[in-house]
Amino acid sequence: MSDTQRDNPAAKSAAKNYAAALADEIEKVVVGKRNEITLLICALLSGSHVLIEDVPGVGKTTLASALAKAAGLSFKRAQFTPDVMASDITGFNIYTRHTEAFEYREGLCMCNLLLGDEINRASPKTQSALLEAMEESRVTVDGVTYNLPSPFMVIATQNPQGFVGTYPLPEAQLDRFAMKLSMGYPSADQETEILMNRLGFNPLDKVSAVTDESRVAEMRSEVLSSTVDEAVCKYIVALVNETRHNPMISLGASPRASLALMRISQAWAYMHGRNYVTPEDVKAVFRPVISHRLLLTQEARIAQKTPEALLSEILLRTPVPFKGSRKAQSEETEAGK
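In structure tokens:
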């Protein structure tokens, strides 16, 4: 965000309106999941990727489709099964007889938003084909590198139940996902609304594009230029460091997790109309950004601890910067008067 935009309330309002309009469009289809929708948009605006883990039928695929349509982005879906090959994702070279040369045929990742449905049902070789694409927004086929469209985002889904015939994602690949989300079952009222919305038509047809590639790229630039105070950076590092020294956690979060936490916090602040990050922004996204990166000890599993519960404990005992400082400063100002 430029200096002019930082001081211009109208620019801030327009940014907030774009972000809110994007969430509103998606909510036409995905009912009662505003927080999950906001987090998914945060991932898009921060240049990140998301893993959605939940039981079948709760709207994982619908959420991804609605995001692509509302954001005006190209969208492809890969239904992962053991017979899906790495070349299906990255693309491949094929010999063309009339030119007597090999030509590159694009894979599924040549789009703005790639949905990898049930990613844990693909073979490890196929899963690893996504690593370069997710980390560097490019693919290499037969020694030649091809850049992916910008923006590029991967939304992968997996079912936490039914592990027969699956290949669990290794820690190195899980770390590439900035967040892990869970949709959860809707309430009775929300489920009734879902049924009513689907009488005679698909609500996805009502979703219209409120942004496009260029606008999303502009919003990404604004997010990345959001101010993050050094004290907030130290707070992020302190939170992540706590995961590395917790006796209940055998594998803590990496520096990549710290960076992801900062980027998602910037996007969360942007979604709430601010161009600076507060500790509250960090706390709001801490659990979805960090939970999937942790490995718990055997003692923690026996005690039925969850990553989310341990992260909540870390939030409670980690000192928050600026806490009480604004109030004290205000009292000093009043006393001076």
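In case it helps, this note's numbering puts the sequence shown at residues 861 to 1197. Glycine is no exception: its CB is placed at the ideal position from the N, C-alpha and C atoms. Since we're looking at a predicted model, the values are computed, not measured.
By the 16-neighbour rule on beta-carbons within 10 angstroms, Pro942 is exposed. For Ile1162, the number of other beta carbons within 10 angstroms of its own is below 16, and it is reported as exposed. In this structure Leu1155 touches Ser1110 by the C-beta definition: roughly 5 Å separates them, less than 8 Å. For Gly907, the closest C-alpha among the options Pro916, His1105, Leu1041 and Asn972 is that of Asn972. If only uninterrupted beta strand (DSSP E) runs of at least 3 residues are considered, those enclosed by the region 958 to 1024 are 961 to 966, 973 to 977, 998 to 1001, 1004 to 1007 and 1013 to 1018. By the CB criterion at 9 Å, Ser934 and Val1001 fall outside the cutoff. At least 9 Å separates the beta-carbon of Pro1046 from that of Val910. In this structure, Thr1103 is the residue among Thr1103, Leu923 and Lys936 with its C-alpha nearest to the C-alpha of Arg1177. Comparing alpha carbon positions, the residue from Lys1143, Glu995 and Leu1029 closest to Glu913 is Leu1029.
In summary, Thr898 is buried, with 16 or more beta-carbon neighbours lying within 10 Å of its beta-carbon over all protein chains present.
In the structure shown, Thr1026 falls within a coil segment according to DSSP collapsed to helix, strand and coil.
Scanning the region 1086 to 1158 from its first residue to its last, the whole alpha helix (DSSP H) runs of 4-plus residues come out as 1090 to 1105, 1115 to 1131 and 1139 to 1150. C-alpha of Thr959 to C-alpha of Val1137: approximately 55 Å in a straight line. Between the C-alpha atoms of Arg1036 and Met1056 there is a straight-line separation of about 38 Å.
Three or more Cβ pairs closer than 8 Å define a contact, and the region 1122 to 1141 meets that threshold against the region 1083 to 1098.
With 16 or more other Cβ atoms from the protein chains shown falling within 10 Å of its own Cβ, Val1070 counts as buried.
Between the alpha carbons of Leu1008 and Ala1160 lies a gap of roughly 41 Å. Here Met1056 carries a helix assignment [DSSP, helix/strand/coil]. Where Asn1062 is concerned, there is no enclosing alpha helix (DSSP H), because DSSP gives it neither an H nor an E. Residues of the same chain with a CB within less than 6 Å of the CB of Ala1016, apart from the 5 flanking positions on each side, are Leu911, Gly976 and Ile979 in chain order. Under DSSP, Gly951 shares a beta bridge with Glu966.
Secondary structure of Lys888 (DSSP, three-state): coil.
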